[in-house]
Amino acid sequence: MGMSVKEEEDPASPKDGEWPEAAKAEQLARGAALKWASGVFCRAGKLEGLAQYWVRETQRNSSIQSRIKSTLQSYLDGVSMGLEQLRSAITDLQRVQKELGSIQQDLASNAISFQNLQRIQEVMVEHAQLGSVVQRLPKLFSVPQLFSESLDLLRSDHLLEAHARLMELESLQSDILFQLRNRNLLSPEHLASVQSYFGGLLELNDALAQHLWHIVGHGTKLVSEDPALFVSALRIIEREEGIDAALLQRARPPDFLPPGRPKCWRQKFFQVIQDSIVAAHFKAVPGSIQDHHLTREYLASLQSSIRTELHIVKDLMVQCCPPHYNIFMTFATMYHQSLANHLHHLLTWDLDKQEIFALLHWTLHVYPSSEMMAHPDLLPEVDTSALGPLLPLDKIEYLEDTYLEKVQASISEWMQKTLALEFKEWFSKEEPESDYQGCFQTSLPNIIMKMLDENIQIASLISDTLREKMCNMTLGELETFLGSLYEDLVEFATEHQQEPKASKCYTQYLLSALNNCLALSASLSALYSGSSLEPPKVPPSLDLALEKVQKKACRLLLKEMLEELKPLFKQLPSHQWLSDESQLMSSICAVIEKHAKYFCRTREPTSTHLLSETEHLIRSQYLRALLQKRMVCQRMEERRQMASRMLQDASQFKELFCNLVRRQKLL
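Positions 1 to 667 (UniProt numbering) are the ones given, in order, by the sequence shown.
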């Protein structure tokens, strides 16, 4: 369609089947056009506008073709420009390649000339080295003078000037070593030569360091008397820290540093403070302490000296030290650690109970209180919770257990001595004392209870836990004491039986033992109260021990009365008894009444119990005497007379015991 023969024969034009996509696109376009035309011109009236459609589509087709041509032309122009630039670049590269080849030929022809320049370079380097040496010669010649001046300044306490000379010398030595190192000239011989020439530098450095550490060690005193000297020492330390940091950063390789570096004087500063604290407070222990006699005065002196120094640090030294030193909390921590180590050392000694108590009380209550580390003047900088306890919990428990063992041994020994004195008193010719009710008593229960109460109260000053342990321990010791008291009662009765005259107040002291047991029993509840913890329950074994002693004393009292009644009951029955000529019953009643008067001098319910047991004893002895059949009533009159006598005896006994009970109630 409209294509010329020339175009058809043009080999550049596509042939049939060469562009299948174009053919397919044309086919789709034709189909779409046909569909559109059939839709538009399906009615005869629409054919009138065919010419208009033709003109419009022709114009639109022309516009599209012109845009396509314009786009293709711009693309072709860009391709043409790119090709031109590529041709220009190829030309430039060829020219550069040619020039480089020429230069390479020139370099090859002038190699001998460059070798001569290398020699000139070596001479130049040597000249530079000689120039550097010439510049340093005045300083090198002044080294001995600098040493001498530095030592003089140091002796006159001009620390900053002395340190300036020291830094000048160290800088000169470091520069020489680094120059030798950088030029690979630092052989062992050269290094030894430099160190030999600067041999006095080490001596000067040690002298300055010794001077500084003396100042730091007496820092708490100097900040009050001469703070400028202390500040100078700190400035020198900070200078050295800066020099260390610079050298470590510059050192290549990292292991190459001037002799004596890094000095780490800031770290040494804190170590000297730690050592001075230990030496001042925890090394020179008083002689009494070295002899294992820990006293409250020693702990009080520690408390006073530590608190005083912390006040000085807070009020004066903090103003002299850099903020990052945190010097006040550092001092507090060092004191805490040193004191903790010192207390651990004290634990290795054989401390007595008073020393252990003083140590426990001071550690747990005085040290963290407002009397020491929590003093208002030290707060809020000192955080006692951050410091932690002086002694760990296991050491506290060890001290408490040791204290308990020593107190137990002391209580046991003291109780035995008290009981020995009590036993000796039983053989006295004088009756025991009486209380306001007239009851016999000795000082034994008061002494025992006072001793136990004092130990319990002392334990409560440490902790409620120790108080509870002390209560349980004293209960056990009291039970042991009652066992010993029982044995002494048995021995007392045996000796009385063998030698009655040796214990004239036998009955009275047995009654006092009964009253003492009642007093001990009544005092237990009051003794073990007054704690935030639940009071320990009195073990049944202790109640049994008390009851055992009381029963033994009652039996001994009744036995004593029985020994006096036995000769009288042996006369029952008899003709004298029937006729009442011997006044036998009156004698028996007199003996009973005599002993009952003593029984009334015991506290309730023991006095009632003794009367009851007496009545039971009299009844059993009376019946036992009758059953002995010492007298046989063969006649009715004798039997009637015996029955009447027995009724009279029963009435007399009844009246006697009623009077005794009535009298007891009136007391």
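Beta carbons are placed, not taken as given, at the ideal position from N, Cα and C, and that holds for glycine.
* Indicate whether leucine 610 and cysteine 554 have their beta-carbon atoms separated by less than 8 angstroms. => Working through the sequence shown from its first residue, we reach residue 610 at position 610. Working through the sequence shown from its first residue, we reach residue 554 at position 554. Yes, Cβ-Cβ distance for leucine 610 and cysteine 554 is below 8 angstroms.
* **Stretch pair the stretch 216-226 + the stretch 160-177: three plus CB contacts closer than 8 angstroms** => Fewer than three beta-carbon pairs drawn from the stretch 216-226 and the stretch 160-177 are found closer than 8 angstroms, and the two stretches are therefore not classed as touching.
* CA-CA distance, methionine 415 and leucine 518? -> The sequence position of residue 415 within the sequence shown is 415, counting from 1. The sequence position of residue 518 within the sequence shown is 518, counting from 1. If you take the alpha carbons of methionine 415 and leucine 518, they lie about 18 angstroms apart.
* **Segment contact flag, the stretch 336-350 with the stretch 385-401, C-beta cutoff 8 angstroms, min 3 pairs** => With the rule of 3 Cβ pairs closer than 8 angstroms, the stretch 336-350 counts as touching the stretch 385-401.
* Asked: From what residue to what residue does the alpha helix (DSSP H) around cysteine 589 run?
  -> Residue 589 sits at position 589 when you count from the first residue of the sequence shown. From DSSP, the alpha helix (DSSP H) with cysteine 589 extends over 584-599.
* Would DSSP call glutamate 433 helix, strand or coil? -> Taking the sequence shown and counting its residues from 1, the one referred to as residue 433 is at position 433. Here glutamate 433 sits in strand by DSSP.
* Segment contact, 8 angstroms Cβ cut-off, at least three pairs: the stretch 416-425 with the stretch 479-492 -> yes
* Straight-line Cα distance separating lysine 501 from threonine 602 -> Working through the sequence shown from its first residue, we reach residue 602 at position 602. Working through the sequence shown from its first residue, we reach residue 501 at position 501. In a straight line, the C-alpha of threonine 602 is about 24 angstroms away from that of lysine 501.
* Asked: Do the stretch 254-270 and the stretch 348-367 meet, that is, are 3 or more Cβ pairs less than 8 angstroms apart?
  -> In short, these stretches do not touch, since the Cβ pair count stays below three.
* Neighbourhood of glutamine 550 by C-beta, 8 angstroms cutoff - its chain only, sequence neighbours within 5 removed -> Working through the sequence shown from its first residue, we reach residue 550 at position 550. Correct list, in chain order: Leu514, Cys517, Leu518 and Thr606.
* **the stretch 568-576 contacting the stretch 621-629, beta-carbon criterion three pairs below 8 angstroms** => yes
* **Closest Cα partner of leucine 359 within the set Glu371, Phe147, Tyr506 and His344** => Your numbering for residue 359 matches position 359 in the sequence shown. Nearest option by C-alpha distance: His344.
* Look at the alpha carbon of glutamate 26 and the alpha carbon of valine 79, and state the distance between them as a whole number of angstroms. => Residue 26 sits at position 26 when you count from the first residue of the sequence shown. Residue 79 sits at position 79 when you count from the first residue of the sequence shown. When rounded, the distance between both Cα atoms is 29 angstroms.
* Asked: What residue range is occupied by the uninterrupted alpha helix (DSSP H) comprising aspartate 350?
  -> Counting from one through the sequence shown, the residue named residue 350 turns up at place 350. Counting along the chain, aspartate 350 falls outside any alpha helix (DSSP H), and DSSP gives it neither H nor E.
* Cutoff 6 angstroms; reference phenylalanine 492; Cβ partners in own chain excluding five residues on either side -> Position 492 of the sequence shown, counted from the first residue, corresponds to residue 492. Correct list, in chain order: Trp426.
* Asked: To the nearest angstrom, how far is it from the Cα of threonine 608 to the Cα of valine 661?
  -> Walking along the sequence shown from the start, residue 608 turns up at place 608. Walking along the sequence shown from the start, residue 661 turns up at place 661. Their Cα atoms are separated by approximately 8 angstroms.
* To do: May I ask which residues mark the beginning and end of the alpha helix (DSSP H) holding tryptophan 577?
  => The sequence position of residue 577 within the sequence shown is 577, counting from 1. Element bounds for tryptophan 577: 575-579.
* To do: Classify lysine 552 as buried or exposed, calling it buried when 16 or more other Cβ atoms lie within 10 Å of its own Cβ.
  => Start at 1 with the first residue of the sequence shown, and residue 552 comes out as number 552. Flag for lysine 552 reads buried.
* CB contact flag (leucine 310, alanine 332, <8 angstroms) -> For the purposes of this step, residue 310 is taken as the residue at position 310 of the sequence shown. For the purposes of this step, residue 332 is taken as the residue at position 332 of the sequence shown. Taking 8 angstroms as the Cβ cut-off, leucine 310 and alanine 332 qualify as a contacting pair.
* Name the residue from Arg266, Pro227, Leu248 and Glu225 whose alpha carbon lies nearest to the alpha carbon of isoleucine 236. => Position 236 of the sequence shown holds residue 236. Closest in alpha carbon position to isoleucine 236, among Arg266, Pro227, Leu248 and Glu225, is Arg266.
* To do: With hydrogens ignored, establish whether the beta-carbon of leucine 83 is closer than 7 angstroms to any heavy atom of the ligand PLP.
  => Ligands in the displayed structure: none, and consequently the ligand PLP is not present.
* Among Met473, Ile447 and Ile448, which residue has its Cα nearest to the Cα of alanine 459? -> Counting from 1 along the sequence shown, the entry for residue 459 is found at position 459. Nearest of Met473, Ile447 and Ile448 to alanine 459, Cα basis: Met473.
* **Start-to-end residues for the alpha helix (DSSP H) that takes in residue 700** => Missing from the structure shown is residue 700; the chain here goes from 1 to 667 and no further.
* Is the beta carbon of alanine 596 less than 8 angstroms from the beta carbon of threonine 614? -> Position 596 of the sequence shown, counted from the first residue, corresponds to residue 596. Position 614 of the sequence shown, counted from the first residue, corresponds to residue 614. Yes, the Cβ-Cβ distance between alanine 596 and threonine 614 is below 8 angstroms.
* Asked: If you check the beta carbons only, do phenylalanine 423 and leucine 511 fall under 8 angstroms apart?
  -> On the sequence shown, position 423 is the one that residue 423 refers to. On the sequence shown, position 511 is the one that residue 511 refers to. Against a cut-off of 8 angstroms, the Cβ pair of leucine 511 and phenylalanine 423 comes out as no contact.
* **Alpha carbon of glutamine 121 to alpha carbon of aspartate 175, nearest angstrom** => As a first step, residue 121 is located in the sequence shown; it is residue number 121 there, counting from the start. As a first step, residue 175 is located in the sequence shown; it is residue number 175 there, counting from the start. Approximately 23 angstroms between the Cα atoms of the pair.
* Three-state secondary structure (DSSP) at glutamine 441? -> Within the sequence shown, the letter at position 441 stands for residue 441. Three-state result, glutamine 441: strand.
* Where does leucine 402 sit, in a helix, a strand or coil, going by DSSP? -> The count along the sequence shown starts at 1 and reaches residue 402 at position 402. The residue you asked about is not leucine; residue 402 is threonine in the sequence shown. Secondary structure of threonine 402 (DSSP, three-state): helix.
* **Candidates Gln583, Arg296, Gln621 and Asp543: closest to lysine 566 by CA position** => Translated into the one-based positions of the sequence shown, residue 566 becomes position 566. For lysine 566, the nearest C-alpha among the options comes from Gln621.
* Endpoints, alpha helix (DSSP H) assigned at cysteine 517 -> For this step, residue 517 is matched to residue 517 along the sequence shown. Counting along the chain, the alpha helix (DSSP H) containing cysteine 517 begins and ends at 506-527.
* **Whole-Å CB distance - glutamate 371 paired with methionine 329, under 8 angstroms assumed** => Position 371 of the sequence shown, counted from the start, is the residue given in the question as residue 371. Position 329 of the sequence shown, counted from the start, is the residue given in the question as residue 329. Contact annotation, glutamate 371 with methionine 329: C-beta distance approximately 20 angstroms; criterion of less than 8 angstroms not satisfied.
* Asked: Would leucine 542 pass as a contact of glutamate 479 if the rule is Cβ separation under 8 angstroms?
  -> For the purposes of this step, residue 542 is taken as the residue at position 542 of the sequence shown. For the purposes of this step, residue 479 is taken as the residue at position 479 of the sequence shown. Contact: yes.
* Do leucine 391 and threonine 348 have their C-beta atoms closer together than 8 angstroms? -> Counting from one through the sequence shown, the residue named residue 391 turns up at place 391. Counting from one through the sequence shown, the residue named residue 348 turns up at place 348. No; because the gap between Cβ atoms is not below 8 angstroms, this pair is not in contact.
* Asked: Counting along the chain, where does the alpha helix (DSSP H) carrying arginine 266 start and finish?
  -> Numbered from its first residue, the sequence shown carries residue 266 at position 266. Element bounds for arginine 266: 265-278.
* To do: Would you kindly check if the distance between the Cβ of histidine 342 and the Cβ of phenylalanine 282 is under 8 angstroms?
  => Looking up residue 282 in the sequence shown gives position 282. Looking up residue 342 in the sequence shown gives position 342. Their beta carbons are under 8 angstroms apart, which means phenylalanine 282 touches histidine 342 by this criterion.
* Under three-state DSSP, which class holds arginine 603? -> Numbered from 1 along the sequence shown, position 603 holds the residue referred to as residue 603. Coil, per DSSP.
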